[in-house]
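The sequence shown begins at 35 in my numbering and counts up by one.
Think of the CB as a built atom: it goes at the ideal place given N, C-alpha and C, for glycine as much as any other residue.
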Amino acid sequence: MTIDHAARRARLAAALPAHEVHALLVTSPVNVRYLTGLVSSNAAVLVRADGSALLATDNRYIDKTRALDVPAVEAPDVAGRLAAPGVGIEAAAMTVATFRRLEAGLAESGGDSESQGLVPLGPLVEELRAVKDEAELELIRTACALTDQAFADVLPLIAPGLTERALARLLDNRMTELGADKPAFDTIVAAGENGAIPHHAPTDRELRAGDLVTMDFGARYHGYHADMTRTVCLGAPAAWQRDLYDLVRRAQRAGRHALTPGARAKDVDAAARGLIEAAGHGEHFRHGLGHGVGLEIHEDPFLGPSRTGRLEDRVPITVEPGIYLPERGGVRIEDTLVTREGGPELFTKTTKELLVL
Ligand code: ZN
Ligand code: ZN
């Protein structure tokens, strides 16, 4: 499946008049990639309201632009090369220092007081990116399949004595061996009491019998991200561990079932959170239920009690409730899915039965 970058630029161009600009200067590297196909750490693209575009990058990447369907110029100062009066900029992507420098440059060259400066705008490209085309979904599906396979391959190696860091390294290495670009983010492995910390960074703590062990990881494939969390138990679970696991699993299922085009972001969150609150653990679930995934690991839309907006069709998103008991441990279960008319498609397929190792 090939990606039609011109069609993406056309959709962006169509959105510009409503923001009263005749062009948008896109400087977020991931947004430049989305609109042109250029993978770089330094590029900008000017997309005009008529759908035409001009790309600028430095001499490290200029050769790569020859294969693209957009004209390109080489410039050390990519944003400066494309900045013009009355052009929109991505407020979230440009530093204040760059903004001031570009404005000063325009004032110098333009001169008269009539000339407009740059126009800071919101996340226009991010909004376009939320709904994926089938080519993107195929890449995320593959990223998730690599994630599932890495987990299956590493599972037999999880045993008392292995450290959190060593387990994280096994998962990371396996994903890369299977064909991932690299891990989608810093892998989380949290054993025992460390499981009470949602974003615990792996340490030299050894896994022990009786631990719940939470692993949150994913593969990145052709720039697209997977995100999965599983919690396993080393040895037979205590009653409180099984109860906690069952509750999170039921909440996760409720969240997945609420995932439908047209659903409000806060209602999907509430579907899962309500079960956890009813069981008296509301205060132990302090993060949002999920987030979009794509060219970034966390992107629009976000699921949470105060999130606004509704889900659309073809939006890859995670569902990841967790319960974290201070000093005791925690459980989180996370899948990556995509919204579909008629029910979500599950991308991460690893079992959600409690695995007792
Ligand atoms: Zn995750
Ligand atoms: Zn996540």
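Straight-line gap, residue i to residue j (C-alpha atoms, nearest Å)
i: L140; j: G114; result: 9 Å
i: E54; j: E160; result: 19 Å
i: G144; j: L46; result: 27 Å
i: A224; j: P271; result: 16 Å
i: K98; j: D220; result: 29 Å
i: V64; j: V73; result: 8 Å
i: G376; j: T132; result: 46 Å
i: L152; j: Q183; result: 48 Å
i: I310; j: A285; result: 7 Å
i: I123; j: L155; result: 6 Å
i: T265; j: V121; result: 49 Å
i: T181; j: P119; result: 46 Å
i: D167; j: R348; result: 7 Å
i: H332; j: N207; result: 22 Å
i: H318; j: L281; result: 12 Å
i: T384; j: G252; result: 12 Å
i: L116; j: R163; result: 23 Å
i: L191; j: F185; result: 10 Å
i: H256; j: H315; result: 39 Å
Reduced DSSP secondary structure (H/G/I, E/B, other) of residue i
i: R239; result: coil
i: F381; result: coil
i: D347; result: coil
i: Y95; result: coil
i: I357; result: strand
i: F395; result: Past the edges of the chain, shown from 35 to 391, lies residue 395, and the structure says nothing about it.
i: A113; result: helix
i: R254; result: strand
i: D38; result: coil
i: E375; result: coil
i: T210; result: helix
i: P271; result: coil
i: D334; result: strand
i: L136; result: helix
i: L88; result: strand
i: A225; result: strand
i: R67; result: helix
Ligand 1 heavy atom lying under 6 Å from the CB of residue i
i: D369; result: no
i: D84; result: no
i: D250; result: yes
i: D261; result: yes
Residue range of the unbroken beta strand (DSSP E) whose run includes residue i
i: E387; result: Looking at the DSSP string, E387 is not in any beta strand (DSSP E), and its letter there is neither H nor E.
i: M249; result: L246 to F251
i: V266; result: M262 to C267
i: T370; result: D369 to V372
i: P154; result: V153 to L155
i: L80; result: A77 to R82
i: V60; result: A57 to V60
i: A3; result: The shown model of the chain, from 35 to 391, leaves out residue 3, and the question about it has no answer.
i: E124; result: G122 to E124
i: R366; result: G363 to R366
Check: residue i C-beta below 6 Å from any heavy atom of ligand 2
i: T221; result: no
i: E354; result: yes
Where the alpha helix (DSSP H) containing residue i begins and where it ends
i: L72; result: Note, L72: premise wrong, no alpha helix (DSSP H); not H, not E.
i: A52; result: Segment: none, A52 is in no alpha helix (DSSP H) and carries neither H nor E.
Heavy atom of ligand 3 within 6 Å of residue i beta-carbon
i: G377; result: Absence of ligand 3 is noted for the structure shown, with ligand 1 and ligand 2 being the only ligands found.
Legend entry - Residue ranges of each beta strand (DSSP E) within the segment 279-329, 3 or longer: 324-326
Legend entry - Inside the segment 139-204 only - alpha helix (DSSP H) runs reaching at least 4 residues: 158-164 and 168-188
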